[in-house]
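Here the structure is laid out as structure tokens; the discussion comes afterwards.
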Amino acid sequence: MPIERKKRARSIVPLPSMADIAFILLIFFLLTSAMDIEKEVKVNLPETRMRMSESKKYFMLWVDRDGSVIIKGKKADREELYRAAKYRSLDNADVKALLGADKNLPFRTVYSVMESLQEAGVHNIVLVSRKKPSSEK
Amino acid sequence: MSDIAFLLIIFFLVTSVFIIKEGMHLVMPDRDREPVTVSSADVITITMTADSRIIADGKKIGKDALAELIRSSHEKYPETYVLLKISGDVSYELAVELIDLAKTAGMKKLSIKTF
Numbered sequence: 646m647p648i649e650r651k652k653r654a655r656s657i658v659p660l661p662s663m664a665d666i667a668f669i670l671l672i673f674f675l676l677t678s679a680m681d682i683e684k685e686v687k688v689n690l691p692e693t694r695m696r697m698s699e700s701k702k703y704f705m706l707w708v709d710r711d712g713s714v715i716i717k718g719k720k721a722d723r724e725e726l727y728r729a730a731k732y733r734s735l736d737n738a739d740v741k742a743l744l745g746a747d748k749n750l751p752f753r754t755v756y757s758v759m760e761s762l763q764e765a766g767v768h769n770i771v772l773v774s775r776k777k778p779s780s781e782k
Numbered sequence: 007m008s009d010i011a012f013l014l015i016i017f018f019l020v021t022s023v024f025i026i027k028e029g030m031h032l033v034m035p036d037r038d039r040e041p042v043t044v045s046s047a048d049v050i051t052i053t054m055t056a057d058s059r060i061i062a063d064g065k066k067i068g069k070d071a072l073a074e075l076i077r078s079s080h081e082k083y084p085e086t087y088v089l090l091k092i093s094g095d096v097s098y099e100l101a102v103e104l105i106d107l108a109k110t111a112g113m114k115k116l117s118i119k120t121f
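So the protein sequences, as listed, match chains X and C. Under my numbering, the letters of the first sequence match residues 646 to 782, in that order. Under my numbering, the letters of the second sequence match residues 7 to 121, in that order.
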């Protein structure tokens, strides 16, 4: 007598609800990425030809038009800047500081921020810039 | 429909993960370490004054001529150092332009100072 296999119920993926899940996820990622973009401070970046991309082990800081330093969306004074940088450099000695400064600032302001970073033990600094159009010399 | 939605999700995930910042890399020296001493013959001193004139070894010089100077001396003596003295009153844009110029001309041993 042949053994009869028990017929299993075919599993089905409920497609309409799948689309719902997908759209909910979509909205979630849209919102969270929009929040990330908001954190970027609008500064007029200088243009350079020499460029490298950075993707890991960095922290971002901005110097806006008024010369105030912004870390994680909040204005920071020199003391806070030093502490934030020190914290990062103790954690990882090779940490890079991405410095986005307004191009119309006097160099003195930017240089003093760089010196604070250096004092705090952050030696790798990336001056964030926009790409210089190659036609322009 | 769900295909489209998932494609969009993947698209947004990928684009948001790879927000890469680009810029010019500078390595600042360690303050605790002894400064390196170089003979003055190996150093090209370039000064950028507050009125954004560029002075190399005592003479006023244009940007193209400066790039040429750095390139030729770097080729002749790879041990050449460039000391950039940039006035604190110069705009950051011009300062970055000068550093960029020196770097694109092939100079790796840069020292930046402000006054």
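Just so you know, even glycine gets a beta-carbon here, dropped at the ideal spot from N, CA and C. Small disclaimer: the values here were computed from a predicted structure and weren't measured.
CA-to-CA distance, residue j to residue i, given in whole angstroms
i      : j      : result
X/K782 : X/E692 : Residue placement at X/K782 is poorly supported in this model, since its pLDDT is 43, which falls under 50; the coordinates are not used for a value here.
C/T53  : C/P41  : 21 Å
X/Y756 : C/S46  : 25 Å
C/L116 : C/L90  : 7 Å
C/V49  : C/T43  : 11 Å
C/L100 : C/S8   : 52 Å
X/D709 : X/L690 : 10 Å
C/A56  : X/I770 : 24 Å
C/K82  : X/H768 : 30 Å
C/I10  : C/V33  : 46 Å
X/R733 : X/A765 : 9 Å
X/Y727 : C/S97  : 24 Å
C/D106 : C/D95  : 18 Å
C/F18  : C/M30  : 28 Å
Under 8 Å from the C-beta of residue i: neighbouring residues of chain C
i      : result
X/K748 : S97, Y98, E99, V102
X/P691 : Y98, E99, V102, E103
X/P751 : G94, D95, V96, S97, Y98
One or two residues paired with residue i in a DSSP bridge
i      : result
X/G745 : X/W707
X/N769 : X/K741, C/V33
C/M54  : C/I60, C/I92
X/E692 : X/R775
Unbroken alpha helix (DSSP H) run spanning residue i, endpoints
i      : result
C/Y83  : From DSSP, C/Y83 is part of no alpha helix (DSSP H); its letter is neither H nor E.
C/I105 : 98-110
X/L735 : 723-736
X/V592 : Outside the displayed range of chain X (646 to 782) lies residue 592 of chain X, so it cannot be described from this structure.
C/M113 : Careful: C/M113 lies outside any alpha helix (DSSP H) and carries neither H nor E.
Residue i - containing beta strand (DSSP E), residue span
i      : result
C/I60  : 60-62
C/L116 : 116-120
Any non-hydrogen atom of the ligand FMN closer than 8 Å to residue i Cβ
i      : result
X/R733 : With respect to the ligand FMN, the structure shown offers nothing to examine, as it has no ligands at all.
Amino acids of chain X, ordered along the chain, whose beta-carbon sits closer than 9 Å to that of residue i
i     : result
C/V33 : H768, N769, I770
Interface residues of chain X facing residue i [CB-CB closer than 8 Å]
i     : result
C/L72 : Here the premise fails: no neighbours, minimum Cβ distance about 12 Å.
Chain C contact residues for residue i, given Cβ-Cβ distances below 9 Å
i      : result
X/S774 : E28, G29, M30, V102, D106
Within chain X, partners of residue i - CB distance below 7 Å
i     : result
C/T55 : Per Cβ cutoff of 7 Å: no residues; C/T55 is ~12 Å from chain X at best.
Short of 7 Å Cβ to Cβ, which residues in the segment 662-673 of chain X face chain C? Identification of residues in the segment 662-673 of chain X having a C-beta nearer than 7 Å to some C-beta of chain C yields M663, A664, A667, F668, L670, L671, given in sequence order.
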